[in-house]
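*Asks:* Quick one: the structure is below, questions incoming.
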Amino acid sequence: MSKRIDVKDLNVYYGNFLAVEDVSINIEAKSVTAFIGPSGCGKSTFLRTLNRMHEVLPGARVEGEVLLDGDNLYGPGVDPVTVRSQIGMVFQRPNPFPTMSIRDNVLAGVKLNNQKMSKGEADALVERSLQGANLWNEVKDRLEKPGSGLSGGQQQRLCIARAIAVEPQVILMDEPCSALDPISTLAVEDLINELKDQYTVVIVTHNMQQAARVSDRTAFFNIAGTGKPGKLIEFAETSTIFNNPSQKATEDYVSGRFG
Amino acid sequence: MTTTSLTSSRGAGRAGDKVFSGAALAAGCLILAVLFGVALFLLIQALPAFTAPASDIQGGKGFFAYIWPIVIGTLIAAVIALVIATPVAIGVALFISHYAPRQLASGLGYVIDLLAAIPSVIYGAWGAAFLASQISPAYDWLADNMGWLPIFQGPASATGKTILTAGIVLSVMVLPIITSLAREIFLQTPKLHEEAALALGATRWEMIKMAVLPFARPGIISAVMLGLGRALGETMAVALVLSSGALTASLIQSGNQTIAAEIALNFPEASGLKVNTLIAAGLILFVITLAVNMVARWIISRHKEFSGAN
């Protein structure tokens, strides 16, 4: 239930502006890959190309290939809607649908596929997904209450439950803990560790300790200056990036000399 | 540093505060006073119509017998207008906010707003002189083919000056109100929620159903109610278009009348109790509008928990 992603020579544009230049990277299945780097280096932009969410913005486009187990996401005839149902995403700010109950939030993605589901099946899926997001015990008595009534950390785990309910191949997380307090962050990090048993997880983070704690491999992105495109500087085992990086820029960044 | 700094205050800033809060309070009170004054005027002037003997009221059967057909007529015209205008307005607003390329969207939005700037007498003239005659063949067809429905019972009006034509004209008039409000609300949908839906694999329409419409629901209701307010109170267009008469179920025969048009057509020549009767009709219209607004607020507040405001 998890696939690998191979990116070949990807250039990402906003209109004519080249935002991320020439990225090639291989993301292993059933592992956690972290993207780190200073603000504006294009790591979030790059992440959003992996499920074709980048092109939602007007004028945004990419050149190159993103292969999901060998199938090019940007190939002719590929429907971005199908891509996104296979590659789930968790955003920086928790975004449960405010007009839906907790239960309906979890089922939101599944209902899109027009599957007729019996109430029993739906209940089982809700419980399984919320268990998977470590949220079940906290919300099981108030599934019909609005999702927006939960705390920030709970909302983010609800979003993770919503993402895993559709059983995606890959889960992308765009700074999932940056709006959360330390306790909620810990809960989400624990969850990420459990998710990698079943899913390929890619996480963008500003927090280097977080990358060190949760990821198996780490990619360091950097930017030469304002207006210049972001680039992938180094990609290796997390322990290598943090202890023995091969690039000077990586070493400067992880040791806190800039950024 | 002295302890007096806590108690002394900058005189000028305080005075400005007081002037501003006083002005705001006065403005608020003025609105209430105007509303109360209008209500009071309507009540006092209408009272003779309620207490007069039944035979003195127009029609000779009392105020209630006089008013209820035109209340029904008013509601029929307004409902026709909303049934036509609401889906079109929401569709146009969605097209402008979520489908059209940006340049087309702003142009189209501008044109829709222009519709609101056309005076209602022009709409009335257009409805009476053009739409009514153009649409009467359609009424004949409805009478022939759907005549078994009471609302399309024949014979259709030869001039086309029916309550349905008036409703259609009203729908064009309320369209820009509903459209521009709905568009603003659709544009305010948080990007966060739209992206959440898209990232789950929603198509654009599914995203709209999931994130945009639920978020906009209270706003759409308010927009429709504003449109309803205009449709209920619209005078000139109905007065020009409708060839009025007794209450009939059929929408394609001449007949029916609305309160606003009834008042406008009769007021200039009215005197004595007739004036009181017309003002009483105005009072009824006022009450209907008030009730509609209260129901709308109640509908909106029923789902407050899920509104996204928390």
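Chains as they are written, first to last, in this note's numbering: chain A, 7 to 265; chain B, 497 to 806. We put the CB at the ideal spot given by N, CA and C, even for glycine.
(1) Kindly indicate which residue of A:Gly-115, A:Ile-166 and A:Arg-163 has the alpha-carbon position closest to the one of Ala-707 of chain B.
(2) Would you mind reading off the limits of the beta strand (DSSP E) that contains Ser-629 of chain B?
(3) If you check the beta carbons only, do Leu-610 of chain B and Ile-592 of chain B fall under 8 Å apart?
(4) Give the DSSP bridge partners of Pro-64 of chain A, in chain order.
(5) Whose C-beta lies closer than 7 Å to the C-beta of Ala-25 of chain A among residues of the same chain, with five residues either side of it excluded?
(6) Interface residues of chain B around Arg-99 of chain A at Cβ under 8 Å?
(7) Can you list, in chain order, the residues of the stretch 114-126 of chain A whose Cβ is nearer than 7 Å to any Cβ on chain B?
(8) What are the uninterrupted segments assigned as alpha helix (DSSP H) that are 4 or more residues long and contained completely in the stretch 165-253 of chain A, given in chain order?
(9) Buried or exposed: which applies to Tyr-619 of chain B, given that a residue is buried once 16 or more other Cβ atoms fall within 10 Å of its Cβ?
(10) With DSSP run on the structure shown, which of helix, strand or coil describes Asn-806 of chain B?
(11) If the cut is a Cβ gap below 9 Å, which residues of chain B does Arg-90 of chain A touch?
(12) Is Lys-9 of chain A buried or exposed, if buried means 16 or more other CB atoms sit within 10 Å of its CB?
(13) Determine which residues share a DSSP beta bridge with Ile-31 of chain A and list them.
(14) Kindly list, in the order they appear in chain A, the residues whose Cβ is closer than 9 Å to that of Pro-710 of chain B.
(15) CB-CB under 7 Å to Glu-144 of chain A, same chain, minus the five flanking residues each way: which ones, in chain order?
(16) Can you give me the C-alpha to C-alpha distance between Leu-156 of chain A and Gly-715 of chain B, rounded to a whole angstrom?
(17) Who are the neighbours of Met-706 of chain B on chain A, taking C-beta pairs under 7 Å?
(18) May I ask you to verify whether the stretch 244-256 of chain A touches the stretch 26-37 of chain A, counting CB pairs closer than 8 Å and requiring at least 3?
(19) Taking Gly-623 of chain B and Val-665 of chain B to be in contact with their CB atoms under 8 Å, please state how far apart those CB atoms are, rounded to whole angstroms.
(20) With a cut-off of 8 Å on the beta carbons, I'd call Leu-627 of chain B and Ile-748 of chain B a contact; round off their distance for me.
(21) Does the beta carbon of Val-194 of chain A sit closer than 8 Å to a beta carbon anywhere in chain B?
(22) With burial defined as no fewer than 16 other Cβ atoms inside 10 Å of the residue's Cβ, what is the status of Gly-569 of chain B: buried or exposed?
(23) Residues in the stretch 172-204 of chain A with C-beta within 8 Å of chain B's C-beta atoms, listed in sequence order?
(24) For chain A, is any of its Cβ atoms less than 8 Å away from the one on Asn-806 of chain B?
(25) Name the DSSP beta bridge partners of Val-96 of chain A, please?
(26) Which same chain residues end up closer than 6 Å to Ala-735 of chain B when comparing Cβ atoms and leaving out the 5 residues on each side of it in sequence?
(27) With a threshold of 8 Å between beta-carbons, can Asn-57 of chain A be considered close to chain D, or not?
*Replies:* So, to answer that:
(1) On the second sequence, position 211 is the one that residue 707 of chain B refers to. Taking only the C-alpha atoms, the option nearest Ala-707 of chain B is A:Gly-115.
(2) Position 133 of the second sequence, counting from 1, holds the residue named residue 629 of chain B. Unbroken run through Ser-629 of chain B is the alpha helix (DSSP H), 628-641; no beta strand (DSSP E).
(3) Position 114 of the second sequence, counted from the start, is the residue given in the question as residue 610 of chain B. Position 96 of the second sequence, counted from the start, is the residue given in the question as residue 592 of chain B. Result no, Cβ atoms of Leu-610 of chain B and Ile-592 of chain B do not sit closer than 8 Å.
(4) For the purposes of this step, residue 64 of chain A is identified with residue 58 of the first sequence, where counting begins at 1. DSSP, once it has assigned bridges, lists no residue as partnering Pro-64 of chain A.
(5) Position 19 of the first sequence, counting from 1, holds the residue named residue 25 of chain A. Excluding positions up to five away in sequence, the list reads Val-18, Tyr-19, Gly-48, Thr-51, Pro-235 and Gly-236.
(6) As a position in the first sequence, residue 99 of chain A is number 93, starting the count at 1. Under the 8 Å cutoff, chain B gives Leu-688.
(7) Ala-114, Gly-115 and Leu-118
(8) 188-201, 214-220 and 244-249
(9) Within the second sequence, the letter at position 123 stands for residue 619 of chain B. Buried.
(10) The residue you call residue 806 of chain B lines up with position 310 of the second sequence. Low confidence applies here, because Asn-806 of chain B scores a pLDDT of 44, under 50, leaving its location unreliable and the question unanswered by this model.
(11) One-based indexing of the first sequence puts residue 90 of chain A at position 84. Those are Leu-694, Ala-695, Leu-696, Gly-697 and Ala-698, listed as they occur along chain B.
(12) In the first sequence, counting from the first residue as 1, residue 9 of chain A sits at position 3. Burial call: buried.
(13) Along the first sequence, read from residue 1 onward, the residue named residue 31 of chain A stands at position 25. According to DSSP, Ile-31 of chain A bridges with A:Val-13.
(14) The residue given as residue 710 of chain B occupies position 214 in the second sequence. Simply Phe-103, Pro-104, Thr-105 and Met-106.
(15) By 1-based counting over the first sequence, the position of residue 144 of chain A is 138. Closer than 7 Å at the Cβ level, and outside the excluded window around Glu-144 of chain A, lie Gln-160.
(16) Residue 156 of chain A sits at position 150 when you count from the first residue of the first sequence. Residue 715 of chain B sits at position 219 when you count from the first residue of the second sequence. Whole-angstrom Cα-Cα distance: 25 Å.
(17) By 1-based counting over the second sequence, the position of residue 706 of chain B is 210. Going along chain A in sequence order, the residues near Met-706 of chain B (Cβ under 7 Å) are Phe-103 and Ala-114.
(18) no
(19) Taking the first residue of the second sequence as position 1, residue 623 of chain B is located at position 127. Taking the first residue of the second sequence as position 1, residue 665 of chain B is located at position 169. Indeed, because the Cβ distance is near 4 Å, the residues count as touching under 8 Å.
(20) Translated into positions along the second sequence, residue 627 of chain B becomes position 131. Translated into positions along the second sequence, residue 748 of chain B becomes position 252. Contact flag wrong, Cβ pair sits at about 14 Å.
(21) Residue numbering aside, residue 194 of chain A sits at position 188 when the first sequence is read from its first letter. No, no contact with chain B.
(22) Start at 1 with the first residue of the second sequence, and residue 569 of chain B comes out as number 73. The residue in question, Gly-569 of chain B, is buried, as its Cβ has 16 or more Cβ neighbours within 10 Å.
(23) Val-172
(24) On the second sequence, residue 806 of chain B is found 310 positions in, with the first residue counted as 1. Reliability of the predicted coordinates at Asn-806 of chain B is poor, the pLDDT of 44 falling under 50, and no value is obtained from them.
(25) On the first sequence, position 90 is the one that residue 96 of chain A refers to. DSSP, once it has assigned bridges, lists A:Met-179 as partnering Val-96 of chain A.
(26) For the purposes of this step, residue 735 of chain B is taken as residue 239 along the second sequence, with counting starting at 1. The answer, listed in chain order, is Ala-757, Ala-760 and Leu-761.
(27) Absent from the structure: chain D. Protein chains present are A and B.
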